[in-house]
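Comments concern the structure below.
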Amino acid sequence: MKAGRRASSETGFRNLIGDGMALAMGALKLADALVVLGSGLLAYALRTGQAELPDSSQYFYALLASVLLTLLVFVQLALYRSWRLAMPTMMAGRVLLGWGMVLGVLASLSFLSKTGPSFSRLWFLYWAGLGACGLISVRLVLDRALRWLHRRGIGTRRIAVLGPTERVAQVAERIRNGPWSGLEMVAVPAAINAGDLAVLPSWLEDHGVTEVWLTWPMREEALIRESVRQLGANCVHVRWIPDIFAFRMIHHGMAELAGTPLLELSVRPLSRSSRLLKACLDTSVAATLLLLASPLMLLLAAGVRLSGPGPVIFRQQRQGWDGRPFEVWKFRSMRVHDERQFPPQTARGDARVTRFGAFMRRTSLDELPQLFNVLQGRMSMVGPRPHALAHGAQYQDLVPNYLQRHRVKPGITGWAQVNGLRGETDTLEKMRKRVEFDLYYIQHWSLWLDLSIIAQTCVIVLFDRDAS
Numbered sequence: 001m002k003a004g005r006r007a008s009s010e011t012g013f014r015n016l017i018g019d020g021m022a023l024a025m026g027a028l029k030l031a032d033a034l035v036v037l038g039s040g041l042l043a044y045a046l047r048t049g050q051a052e053l054p055d056s057s058q059y060f061y062a063l064l065a066s067v068l069l070t071l072l073v074f075v076q077l078a079l080y081r082s083w084r085l086a087m088p089t090m091m092a093g094r095v096l097l098g099w100g101m102v103l104g105v106l107a108s109l110s111f112l113s114k115t116g117p118s119f120s121r122l123w124f125l126y127w128a129g130l131g132a133c134g135l136i137s138v139r140l141v142l143d144r145a146l147r148w149l150h151r152r153g154i155g156t157r158r159i160a161v162l163g164p165t166e167r168v169a170q171v172a173e174r175i176r177n178g179p180w181s182g183l184e185m186v187a188v189p190a191a192i193n194a195g196d197l198a199v200l201p202s203w204l205e206d207h208g209v210t211e212v213w214l215t216w217p218m219r220e221e222a223l224i225r226e227s228v229r230q231l232g233a234n235c236v237h238v239r240w241i242p243d244i245f246a247f248r249m250i251h252h253g254m255a256e257l258a259g260t261p262l263l264e265l266s267v268r269p270l271s272r273s274s275r276l277l278k279a280c281l282d283t284s285v286a287a288t289l290l291l292l293a294s295p296l297m298l299l300l301a302a303g304v305r306l307s308g309p310g311p312v313i314f315r316q317q318r319q320g321w322d323g324r325p326f327e328v329w330k331f332r333s334m335r336v337h338d339e340r341q342f343p344p345q346t347a348r349g350d351a352r353v354t355r356f357g358a359f360m361r362r363t364s365l366d367e368l369p370q371l372f373n374v375l376q377g378r379m380s381m382v383g384p385r386p387h388a389l390a391h392g393a394q395y396q397d398l399v400p401n402y403l404q405r406h407r408v409k410p411g412i413t414g415w416a417q418v419n420g421l422r423g424e425t426d427t428l429e430k431m432r433k434r435v436e437f438d439l440y441y442i443q444h445w446s447l448w449l450d451l452s453i454i455a456q457t458c459v460i461v462l463f464d465r466d467a468s
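Just so we're aligned: the sequence shown equals residues 1 to 468 in full-length UniProt numbering.
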């Protein structure tokens, strides 16, 4: 009885703190808001020697706007996901990126609204530095605090995993690889896993288990039903891991429609807010690059015209978002040829490529007109590279999950390209690898990933002579 009461007490305590990580993330948002405000006030005091802002001050409205922007940007950069705290270096980089974006937006708004002269540049620099240090520091403090708590078993949930030995081992491996999930797996006696469920309720109470995960396959319906029945009197969460995850699914989950539970096997990978954020990034980057590169593009157009007869812009139908065809634009780098036949992929030393075209392909300058495709909304700065219609028809029957890459807009550059999968895909294995990288990008999309790929692409174009 004492053991049961002790386990019950532990269970109650663990239930009380089971949502500790969510509370920690809420506290982190509050801390971020206070840091942004506090660093701005401290910067003002350092600059002017006054501890308070004057009434109706532009600084006051700038600080309020910065709080909202910081929370919005940090959410999109996944800085309020608990597992990020396990990677301090990546976390610090994302904080600096997000804070820089907030300051950049505020500086742009100040310029456009002609309120820039109202702000002290020295105050802005003080605020930028103090804010960056504060935002990183609160995460380091929270990181240390969570480590201390987890070492003492506080903030963790004890779970029992029932099912076939192989599937239980797979779940155990994932839990070991994700220590910041706050899960502690308790070994289950072999007899229970073998189907002796009568002792399960008392065993759970004795060991302070708060969650039970069932991994039996769907064909073991009777065993699953009996497990749920036996656990009905226990105040534990019961979860079932269905045996459907051998399929390649993109952004699966649960939903309910007309009172009917649904298992979503594949849904649109980007939410509306994420698509809007990505579109804003695409438009701003493409417009900026077009403005900066317009003199160069005029020179390239003249070079193409002088290199031989034919149009300056090469246009080709390619597969885009949802598999819909669209016309991609590039500077013509090849001699005019018949596109009505099955178009062979361009290879190194291809006789169809002009001398000037070889230079453009080597430096990726022939891709610059695709910035107009981005502004048209047909492409993104980052995404799977679009393929010719004939190639798409060929590969969709040969490469597993090939059509899944069309669930986002095609990009000028992509995750596959910055990982060395550029140029000709002359073997089926190369195309399979490229599709794997494309699907990884779709499943793990974030604003940070897009910015990282754009930065890596710039480095490759500038310094990698084998970029083509």
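Ideal placement from N, C-alpha and C gives every residue a C-beta, glycine not left out.
Residue i versus residue j - alpha carbon distance
{"i": "Pro400", "j": "Arg432", "result": "8 Å"}
{"i": "Glu220", "j": "Gln230", "result": "16 Å"}
{"i": "Arg385", "j": "Leu149", "result": "46 Å"}
{"i": "Arg14", "j": "Val161", "result": "Because Arg14 carries a pLDDT of 40, less than 50, the predicted location of this residue cannot be relied on, and the following value inherits that uncertainty. Each residue's Cα considered, the two are about 18 Å apart."}
{"i": "Leu200", "j": "Ile192", "result": "7 Å"}
{"i": "Val209", "j": "Gly26", "result": "26 Å"}
{"i": "Leu306", "j": "Ser294", "result": "19 Å"}
{"i": "Gly131", "j": "Arg94", "result": "14 Å"}
{"i": "Asp243", "j": "Gln170", "result": "12 Å"}
{"i": "Val105", "j": "Ser284", "result": "12 Å"}
{"i": "Trp329", "j": "Leu451", "result": "23 Å"}
{"i": "Asp143", "j": "Gly383", "result": "33 Å"}
{"i": "Arg225", "j": "Val236", "result": "16 Å"}
{"i": "Gly98", "j": "Glu173", "result": "33 Å"}
{"i": "Ala190", "j": "Leu398", "result": "44 Å"}
{"i": "Lys114", "j": "Tyr126", "result": "21 Å"}
{"i": "Leu37", "j": "Ala78", "result": "21 Å"}
{"i": "Trp203", "j": "Gly232", "result": "14 Å"}
{"i": "Val353", "j": "Gln76", "result": "42 Å"}
With 16 other Cβ atoms within 10 Å as the buried cut-off, status of residue i
{"i": "Phe331", "result": "buried"}
{"i": "Thr413", "result": "buried"}
{"i": "Tyr61", "result": "exposed"}
{"i": "Gly134", "result": "buried"}
{"i": "Gly320", "result": "buried"}
{"i": "Leu462", "result": "exposed"}
{"i": "Ala43", "result": "buried"}
{"i": "Thr425", "result": "buried"}
{"i": "Glu205", "result": "buried"}
{"i": "Arg81", "result": "exposed"}
{"i": "Leu262", "result": "exposed"}
{"i": "residue 527", "result": "The requested residue 527 does not occur in the structure, where the chain is confined to residues 1 to 468."}
{"i": "Arg176", "result": "exposed"}
{"i": "Trp324", "result": "Residue 324 is actually Arg in this sequence, not Trp. So Arg324 ends up on the exposed side."}
{"i": "Ile453", "result": "buried"}
{"i": "Glu211", "result": "buried"}
Simplified DSSP state of residue i, which is helix, strand or coil
{"i": "Pro320", "result": "Just to set this straight, residue 320 is Gly in the shown sequence, not Pro. Coil, per DSSP."}
{"i": "Trp240", "result": "strand"}
{"i": "Val418", "result": "helix"}
{"i": "Met381", "result": "strand"}
{"i": "Cys458", "result": "helix"}
{"i": "Met185", "result": "strand"}
{"i": "Met1", "result": "Residue confidence is low: Met1 scores 42 on pLDDT, short of 50, so the model does not pin down where it sits. Its coordinate-derived value is still stated next. It is coil, neither helix nor strand."}
{"i": "Arg407", "result": "helix"}
{"i": "Leu262", "result": "strand"}
{"i": "Thr413", "result": "strand"}
{"i": "Pro325", "result": "strand"}
{"i": "Ala43", "result": "helix"}
{"i": "Ala388", "result": "strand"}
{"i": "Gly49", "result": "coil"}
{"i": "Lys433", "result": "helix"}
{"i": "Asp450", "result": "helix"}
{"i": "Thr425", "result": "coil"}
{"i": "Phe74", "result": "helix"}
Top-ranked residue by Cα proximity to residue i, from the options
{"i": "His406", "options": "Gln443, Gln376, Phe372 and Glu429", "result": "Gln443"}
{"i": "Tyr441", "options": "Val418, Ala45 and Leu371", "result": "Val418"}
{"i": "Leu28", "options": "Ser108, Ser137, Pro269 and Leu289", "result": "Ser137"}
{"i": "Leu122", "options": "Gly40, Arg144, Leu96 and Glu166", "result": "Gly40"}
{"i": "Arg422", "options": "Asn373, Gly377, Met379 and Arg361", "result": "Arg361"}
{"i": "Val35", "options": "Leu68, Gln58, Thr48 and Phe356", "result": "Leu68"}
{"i": "Met218", "options": "Val212, Trp240 and Glu52", "result": "Trp240"}
{"i": "Val304", "options": "Thr70, Ala22, Arg225 and Arg355", "result": "Arg355"}
{"i": "Ser333", "options": "Arg324, Pro325, Leu368 and Gln317", "result": "Leu368"}
{"i": "Cys280", "options": "Lys430, Ser380, Leu389 and Gly411", "result": "Ser380"}
{"i": "Ser120", "options": "Tyr395, Ser57, Phe74 and Trp448", "result": "Ser57"}
{"i": "Ile159", "options": "Val188, Glu166 and Leu365", "result": "Val188"}
Beta-bridge pairing of residue i - partner residues as DSSP gives them
{"i": "Phe314", "result": "Lys330"}
{"i": "Glu211", "result": "Ile159 and His237"}
{"i": "Val353", "result": "Met334"}
Closer than 8 Å to chain C by CB, residue i
{"i": "Trp123", "result": "The structure shown contains no chain C; it holds only a single protein chain."}
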